[in-house]
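Below is one structure, written out as structure tokens; comments come after it.
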Amino acid sequence: MSILILGLVLFLGAHAFTTLRAPRAQLIEGLGAGGYKGAYSLVSGVGLGLIIYGYGVARAQGYVQVWSPPAALGHVTALLMAVAFIAAVASGGPNGKIKSTLKHPLLVAAKAWALGHLLVNGDLASMLLFGSFLAWAVAARISLKSRPDAVEPPPAPWGMSDVIAIGVGLALTVVFMIWLHPLLIGVPAMIR
149 MSILILGLVL FLGAHAFTTL RAPRAQLIEG LGAGGYKGAY SLVSGVGLGL IIYGYGVARA
209 QGYVQVWSPP AALGHVTALL MAVAFIAAVA SGGPNGKIKS TLKHPLLVAA KAWALGHLLV
269 NGDLASMLLF GSFLAWAVAA RISLKSRPDA VEPPPAPWGM SDVIAIGVGL ALTVVFMIWL
329 HPLLIGVPAM IR
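Each residue of the sequence shown is one higher than the last, beginning at 149 in the working numbering.
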């Protein structure tokens, strides 16, 4: 479990550090923009690697059941994953209704992903992993709302970027649930 915790501290710590505007500015000044981005990417990458490895180790060493999720919650998770994929795709495209409404669609995607997985995984390692990501995403959104330099997308009508985000997001949801989740994660994600 300690590897998972170290990975979470590194990955989420690096992301949380970006909300500390004055220390971040000092670090950018000292390292330069490229040096800062390199250090941020390195720490985040190492953290992500440790999260993936540590989660596998934690589950292999002893599955500690905290609660038994009802099977019906799989349907809620499937819906939340569709929201997560649509929001994630919308975050990378031009401004549209989805992006302008959600303000920070990648944080919405992280929250939907984490909540969905918390609903269907009752073991300690999963609760630590997904609970940490959910708490971080909520805290990051609160932090963004209170920042004086925050830039949010201007209001926009429905457009082609929204159609693409919905279509690609739903396609990714299906592909991931049917093929990629079992292949990459080793656990079937189909609703029973």
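Glycine residues also receive a C-beta, built at the ideal position from the N, C-alpha and C atoms. Quantities reported herein were computed from a predicted structural model and do not represent experimental measurements.
Please work out which residues of its chain come closer than 7 Å, Cβ to Cβ, to residue i, disregarding the five sequence neighbours upstream and downstream, and give them in chain order.
{"i": "Ser-248", "result": "Pro-301, Pro-302, Pro-303 and Ala-304"}
{"i": "Leu-198", "result": "Ile-151, Leu-154, Gly-155 and Leu-158"}
{"i": "Gly-279", "result": "Leu-266"}
{"i": "Ala-187", "result": "Leu-179"}
{"i": "Ala-262", "result": "Phe-278, Phe-281, Leu-282 and Ala-285"}
{"i": "Val-268", "result": "Pro-217, Leu-221, Gly-222 and Thr-225"}
{"i": "Val-194", "result": "Leu-158"}
Would you call residue i buried or exposed, if buried means 16 or more other Cβ atoms sit within 10 Å of its Cβ?
{"i": "Asp-297", "result": "exposed"}
{"i": "Met-308", "result": "exposed"}
{"i": "Tyr-203", "result": "buried"}
{"i": "Ile-246", "result": "buried"}
{"i": "Thr-237", "result": "Just to set this straight, residue 237 is Val in the shown sequence, not Thr. Its Cβ being crowded by 16 or more others within 10 Å, Val-237 is buried."}
{"i": "Ala-273", "result": "buried"}
{"i": "Gly-264", "result": "buried"}
{"i": "Leu-190", "result": "exposed"}
When you compare only the Cα positions, how much space is there between residue i and residue j?
{"i": "Ser-192", "j": "Phe-165", "result": "11 Å"}
{"i": "Leu-168", "j": "Arg-289", "result": "14 Å"}
{"i": "Leu-331", "j": "Leu-179", "result": "40 Å"}
{"i": "Ala-313", "j": "Leu-328", "result": "19 Å"}
{"i": "Leu-196", "j": "Ile-333", "result": "14 Å"}
{"i": "Gly-182", "j": "Met-338", "result": "42 Å"}
{"i": "Thr-321", "j": "Tyr-184", "result": "34 Å"}
{"i": "Ile-326", "j": "Arg-295", "result": "40 Å"}
{"i": "Val-323", "j": "Leu-228", "result": "15 Å"}
{"i": "Lys-251", "j": "Val-205", "result": "36 Å"}
{"i": "Val-372", "j": "Leu-318", "result": "Lying outside 149 to 340, the shown extent of the chain, residue 372 is not represented and no answer is given."}
{"i": "Asn-170", "j": "Ser-291", "result": "In the sequence on display, residue 170 carries Ala and not Asn. In a straight line, the C-alpha of Ala-170 is about 14 Å away from that of Ser-291."}
{"i": "Ile-200", "j": "Val-299", "result": "32 Å"}
Excluding sequence positions up to five away, which residues of its chain have a Cβ less than 6 Å from the Cβ of residue i?
{"i": "Gln-209", "result": "none"}
{"i": "Pro-242", "result": "Ser-309"}
{"i": "Val-316", "result": "Val-237"}
{"i": "Ala-260", "result": "Leu-228, Val-231 and Ala-232"}
{"i": "Ser-239", "result": "Pro-253 and Leu-254"}
{"i": "Met-149", "result": "Ala-206"}
{"i": "Leu-276", "result": "none"}
Can you give me the Cβ contacts of residue i inside the same chain, cut-off strictly under 8 Å, excluding the 5 residues immediately before and after it?
{"i": "Pro-336", "result": "His-329 and Pro-330"}
{"i": "Trp-306", "result": "Gly-244 and Lys-245"}
{"i": "Asp-271", "result": "Arg-207, Tyr-211, Val-212, Gln-213 and Val-214"}
Is there contact here, the stretch 277 to 289 with the stretch 254 to 268, by at least three beta-carbon pairs under 8 Å?
yes
field: Cβ contact (3+ pairs, closer than 8 Å) linking the stretch 231 to 240 and the stretch 167 to 178
entry: no
- Query: Can you list the alpha helix (DSSP H) stretches of 4 or more residues lying completely in the stretch 304 to 340, in chain order?
  - Reply: 308 to 323
- Query: Would you call the stretch 209 to 226 and the stretch 151 to 167 in contact, with 3 or more CB pairs under 8 Å?
  - Reply: no
What ranges does the alpha helix (DSSP H) occupy inside the stretch 276 to 300, keeping only unbroken runs of at least 4 residues that lie completely in it? none
Ignoring anything shorter than 4 residues or poking outside the stretch 167 to 250, list the alpha helix (DSSP H) runs there in chain order.
169 to 209, 221 to 240 and 245 to 250
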